[in-house]
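Everything below concerns the one structure shown next.
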Amino acid sequence: MSDEYEEVRAAFIKEIDDIALSIHEMQKYDQEVFLRTLCLLFNFCPADLLEILFKRDSIIRDKIEVIIGKELLKNLSFDLRMEAKFIAWCFHKNVSSQNNNSSNNIGNSDDLIMFILLSKGLQAYFCFYDGNYRKAMWFSKWCVQFLYFIKKYNVNIQEKYEFLSDAERFFAILCAKCVSITFSRKSYHLQLYQVANPKIDENSTLKALTVSILENTDPEIMTHCNARDKLVLCNIFDSLASIQSKLAIFEGSLIQYQSEENMFYEIGIRTSREYTKEMIRKYIISSTLRPTGDPNIIDQLNNILVGLILYGGIHVEIVTVFHNIRNYYCEVFNEDLNILYSHSEYNECLKGIDKIVEEWEKIKSICLPKTIQLPQVLLQNLQNSIIIVDHVLSPTSKERKHEVIQFFKSLKSKLKHKFTDKIFIEDEDSDILWNMGVEMIKYWEECYLDNVGPLPNEVSYTLHNFV
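In our numbering, the protein residues as written are 669 to 1135.
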């Protein structure tokens, strides 16, 4: 099987070099070259390749900013600091027609729409690349709103419709990333109850951005996709999954718990199972859409594992299947898990899963597959530290007690939680959770067969030996 990922990267490198040369030699604004630059972003060119174009103080970036700045002064009769809705309305009312007869480089209203998008869009990505996520969020949100209202006001953009749809989707994804990052950074100073009852509007913003992403993604791309299409698709689903992970927190429940270290009750968040399940499913799709040879599949598999433990009650045998698949790809790409974990916001959670699976492998030969289930976990704080509670309660049925093998006690020092050798799980819930886990495994296998092809021998062995 060919290494699609390296082929895609090689094509991007060639394209970037060509664009960089064109910009370096550019004497005046050239819309085609700048649109090609945006297309790199819309196609999710790996960020490590974009340094020559977007790194602060690089010669090419300085040239881009100078040319765009000069063109702004020459061509626009309105201030781009105005609301996106108003500027879109100006096009609808043909207020901008005064620019159409000018002798400058920007001609008709279509070109002006493109120039506005270029100006704001590149500004958004410059800020994102610099790590200024709050500004990047504002600029990318502006782009999404501008494109939305351009379409709403029926501005004639038929020839550019596909490009503008790609643009709206990309800037919605970029905005969602910035919302998530800025929330995670400021959440250190927030109390958990403020997340469940937010004065800020991250929840509705992320939901609106999800709609924008889906509305601007043509389902047909799934039926005839090449390696570059796969890269776009896996990034779309990866972004949707990331949004679901944040919504799982916003839509979660506040739960009181008492720790061994503190006699007083504390508050944790039990993430929404609905959104957590959707997060897992979208990471499954993302992991099986990646071009062959893309090591980022390991991140998606790690996120699936995190989703399973946050969901709570999933059987360890189910987790072991995904854990083994993840380990297979770590060997393929020669990745060090400790290094990968150090870059994950769920470092603690992933190490806990490793320990659970390790202990399960020691005893599974003498146990039924349904013997052990993951405990219910709560987010202890907004830095994704977790605690494990003694029991799972169902509001609709009578509790029943089942023993948990003693190995869970060995996790105490690792996960810093109050633990006993009992966990409350109902028989009925156990069957439901088992079936859900089996469904997830089958879903991953089906997606892989549909999107990639035959399973690697090691992965096939893991799946076929699953009870």
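C-beta atoms are modelled at their ideal positions from N, C-alpha and C, and glycine is treated no differently.
None of the values given here were measured: they were computed from a predicted structure.
Residue i - DSSP class collapsed to helix/strand/coil
i	result
Q924	strand
I982	coil
L1131	helix
V1045	strand
R837	helix
H760	helix
L1123	coil
C998	helix
L790	helix
K696	coil
P887	helix
N824	coil
R749	coil
N871	helix
Contacting residues, own chain, Cβ-Cβ under 7 angstroms from residue i (five flanking each side not counted)
i	result
R896	V676 and N711
D798	R724
D671	T960 and G961
V847	M805, E870, T873 and L874
A792	A804, F807, S808, C811, F839 and L842
N- and C-terminal bounds of the beta strand (DSSP E) containing residue i
i	result
G936	Y933 to R938
Test: residue i CB closer than 8 angstroms to a CB of chain C
i	result
R896	The question asks about chain C, but that chain is absent: this structure has only one protein chain.
Start and end residues, alpha helix (DSSP H) containing residue i
i	result
I1056	Run containing I1056: none in the alpha helix (DSSP H); it sits in the beta strand (DSSP E), I1054 to I1056.
E675	E672 to E693
F807	Y801 to K820
S907	A895 to F918
N711	From DSSP, N711 is part of no alpha helix (DSSP H); its letter is neither H nor E.
S1012	Careful: S1012 lies outside any alpha helix (DSSP H) and carries neither H nor E.
E946	R941 to L957
R729	I727 to N743
K1032	Premise fails: K1032 is in no alpha helix (DSSP H) and is neither H nor E.
I720	E719 to F722
Nearest candidate by alpha-carbon position, reference residue i, set the options
i	options	result
N1015	N1002, A678 and D967	D967
F796	G980, E830 and F839	F839
Y893	N1119, K731 and T1130	The residue asked about is misnamed: residue 893 is Cys in this sequence, not Tyr. Checking every option, the nearest Cα to that of C893 belongs to N1119.
I982	Q1044, I993 and T956	Q1044
M694	E674, I728, L744 and Y673	I728
D1099	Y1116, K1038, E985 and L1042	K1038
V984	F702, E1026 and L718	E1026
I948	I911, E1029, S690 and I923	I911
V987	M1108, I889 and I691	M1108
D778	N800, K819 and F754	K819
I917	Q1048, A752, I952 and Y821	Q1048
W1112	M750, T878, N1006 and R958	R958
Contact belief for residue i with residue j at Cβ below 8 angstroms, rounded distance in angstroms
i	j	result
I1021	H991	7 angstroms
S940	D906	Not a contact, Cβ separation roughly 20 angstroms.
G936	L786	Wrong, their Cβ atoms sit about 46 angstroms apart, outside the cutoff.
V1127	I993	6 angstroms
F783	N824	Not confirmed; about 17 angstroms, so no contact.
6 angstroms CB neighbourhood of residue i in its chain, flanking five on each side removed
i	result
Y933	Q924 and Q926
Own chain, CB closer than 8 angstroms to residue i, minus 5 neighbours either side, in chain order
i	result
V734	none
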